[in-house]
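Chemist:
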Amino acid sequence: MSLPEYLLRLGDNALILSQRLAEWCGHGPVLEEDIALTNVALDLLGQARLWLGYAGELTGRDEDQLAFLRDAGEFRNVLLVEQPNRDFAHTMARQFFFDVWHGLLLEKLSASKDERIGGIAAKALKEVAYHKHRATDWILRLGDGTGESHARMQQAADDLWMYTGELFEMDALEGEMHQAGVGCDLAALHEPWLNEVSRIFREATLEVPKQSWMQRGGKRGIHSEHLGYILAEMQFLQRAYPGAKW
Amino acid sequence: MVKVRPEAAQLWSWLEEVADPEIPAISVVDLGIVRDIRWNDDELVVTVTPTYSGCPATEVIARDIREALLARGVEKVRLETKLSPPWTTDWISERGRRRLQESGIAPPASGLIQIENVACPRCGSHAVEMISRFGSTPCKSIYKCRACLEPFDVFKRH
Ligand SMILES: [Zn+2]
Chain A
1 MSLPEYLLRL GDNALILSQR LAEWCGHGPV LEEDIALTNV ALDLLGQARL WLGYAGELTG
61 RDEDQLAFLR DAGEFRNVLL VEQPNRDFAH TMARQFFFDV WHGLLLEKLS ASKDERIGGI
121 AAKALKEVAY HKHRATDWIL RLGDGTGESH ARMQQAADDL WMYTGELFEM DALEGEMHQA
181 GVGCDLAALH EPWLNEVSRI FREATLEVPK QSWMQRGGKR GIHSEHLGYI LAEMQFLQRA
241 YPGAKW
Chain B
1001 MVKVRPEAAQ LWSWLEEVAD PEIPAISVVD LGIVRDIRWN DDELVVTVTP TYSGCPATEV
1061 IARDIREALL ARGVEKVRLE TKLSPPWTTD WISERGRRRL QESGIAPPAS GLIQIENVAC
1121 PRCGSHAVEM ISRFGSTPCK SIYKCRACLE PFDVFKRH
């Protein structure tokens, strides 16, 4: 069955990015940002639970088993979301690239022939609108800010650019889901995504990176070394104390 | 023993006493998250929709609703979650909006995040600025009033 695999892609993107953002908890540059980062993390965690909960019903493994008991090779998130937080510019560039894409994707999925997917997407879309607004604010503020903030934001965009190609990659599974009216044509999202990113970058006095070589693999379970460290922290408790509950 | 099935109006009035755990000034009914109540044989089915996907209050709300109904003699209660159509702040009742205002939280504005629609809940001034889109709970933003200088929460339009 390919639907559970498709749901893992959706759920794992939200779960891993949520975990990354949660690392900022207690470390935000100011209190408001600390709160905002963890609010976004919380929205994404809620979305991950909805996707993984659905996947779990189809596979017999519940959302907790899927989150805490799979190893790195079984995760289906894109490489972008597992990239380290590094500085605030990297965190916000990663968020901005993801949010613009996420919004476009969820808009398409809210019309999915699978009603459950449509319902989750419509719900998540409203939350992502806020995420995107905030990420956009930061791209503008840091890009069109001081010499240092500009340089750091440009560097972050350049560093992360090679992970954006995977967002639009159509493979057999995406094609099958698109054909069935369940998923969508990711390749068709590239143009509106690039237009939006370019528009905001222009306003932020940033250069859209020119690099064309793209790193891929996350959607098939081939991850960077970073994912293992994320899982070590996220899964520790369930691995050390199997079945532990709040 | 005769099984008593309270009338719908009675059930709704009981639910109106269940407060939102994060914003106790407003009830779960006024918040617009109780979508339906119906009897399935001798079991009362309450359909609830979450405000935000990750709202940590969701599970507390389900428990509070169940306990409130059991405490008033309903014997079997089942909670159902319904995502679609997604919750919107347009479902907050007039009374709910008034209670938010009275407790110092500006009710949701019309139009997505339009600062000109926000008024200070203390002095009513529209001279306000947003400090952060995200506040102490998923449903609130933080603003500051330039007239009375007080910071305040705004219920996000959603
Ligand atoms: Zn004021």
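Chains as they are written, first to last, in this note's numbering: chain A, 1 to 246; chain B, 1001 to 1158. We put the beta carbon where it would ideally sit given N, CA and C, even for glycine.
#1: With a threshold of 8 Å between beta carbons, is residue 200/A in contact with chain B?
#2: Is residue 1122/B near ligand 1, in the sense that its beta carbon is under 7 Å from a heavy atom of that ligand?
#3: Give the C-beta separation of residue 162/A and residue 213/A to the nearest angstrom, bearing in mind that I take them to be a contact with Cβ-Cβ under 8 Å.
#4: Closer than 7 Å by beta-carbon distance: list the chain B residues that pair up with residue 163/A, in chain order.
#5: Verify the contact flag: residue 1057/B, CB atom, against every heavy atom of ligand 1, threshold strictly below 7 Å.
#6: Applying the 10 Å Cβ sphere with the 16-neighbour rule, what's the burial state of residue 1141/B?
#7: Residues bridged to residue 1037/B by DSSP?
#8: Residue 17/A: beta carbon under 7 Å from a heavy atom of ligand 3?
#9: Tell me the DSSP bridge mates of residue 1145/B?
#10: Should residue 1071/B be labelled buried (16 or more other beta-carbon atoms within 10 Å of its own) or exposed?
#11: Rounded to whole angstroms, what is the Cα-Cα separation between residue 40/A and residue 131/A?
#12: Using a Cβ-Cβ distance cut-off of 8 Å, determine whether residue 1149/B contacts chain A.
#13: So is residue 85/A in contact with chain B if we call contact Cβ pairs under 8 Å?
#14: Name the chain A residues whose beta carbon is nearer than 9 Å to that of residue 1138/B?
#15: Indicate, with yes or no, if ligand 1 has a heavy atom lying under 7 Å from the CB of residue 1145/B.
#16: When DSSP builds the beta bridges, which residues end up paired with residue 953/B?
#17: Note down, in chain order, each residue of its chain lying with its Cβ closer than 7 Å to the Cβ of residue 1052/B, except the 5 sequence neighbours on either side.
#18: Compute the Euclidean distance between the alpha carbons of residue 1045/B and residue 1030/B, then round it to the nearest angstrom.
#19: Suppose you measure from the CA of residue 1048/B to the CA of residue 1084/B; what does that come to, to the nearest Å?
#20: Taking Cβ positions, are residue 227/A and residue 167/A nearer each other than 8 Å?
#21: Please state the DSSP three-state secondary structure of residue 204/A.
#22: Helix, strand or coil, according to DSSP, for residue 1001/B in the structure here?
#23: Would you say the beta carbon of residue 1150/B is closer than 7 Å to some non-hydrogen atom of ligand 1?
#24: Excluding the 5 residues preceding and the 5 following residue 136/A in the sequence, name in chain order all residues of the same chain whose CB lies nearer than 6 Å to its CB.
#25: Please list, in chain order, all residues of the same chain as residue 93/A whose beta carbon is under 6 Å from its beta carbon, the five residues on each side excluded.
#26: For residue 1126/B, decide whether its Cβ has a neighbour in chain A, counting only Cβ atoms nearer than 8 Å.
#27: Do residue 76/A and residue 221/A have their C-beta atoms within less than 8 Å of each other?
Modeler: Quick look at the numbers:
#1: no
#2: yes
#3: 6 Å
#4: In chain order: nothing, as chain B lies at least about 24 Å away.
#5: no
#6: buried
#7: 1046/B
#8: Looking for ligand 3 in the displayed structure turns up nothing; the ligands present are ligand 1.
#9: 1128/B
#10: exposed
#11: 7 Å
#12: no
#13: no
#14: 39, 42, 43, 46, 127
#15: yes
#16: The first residue shown for chain B is 1001 and the last is 1158, placing residue 953/B beyond what the model contains.
#17: 1138, 1139
#18: 19 Å
#19: 11 Å
#20: no
#21: coil
#22: At residue 1001/B the pLDDT is 45, less than 50, meaning the model places this residue with poor confidence; the figure from the coordinates comes in the next sentence. Residue 1001/B: coil per DSSP, three-state reduction.
#23: yes
#24: 200
#25: 156, 157, 160
#26: no
#27: yes
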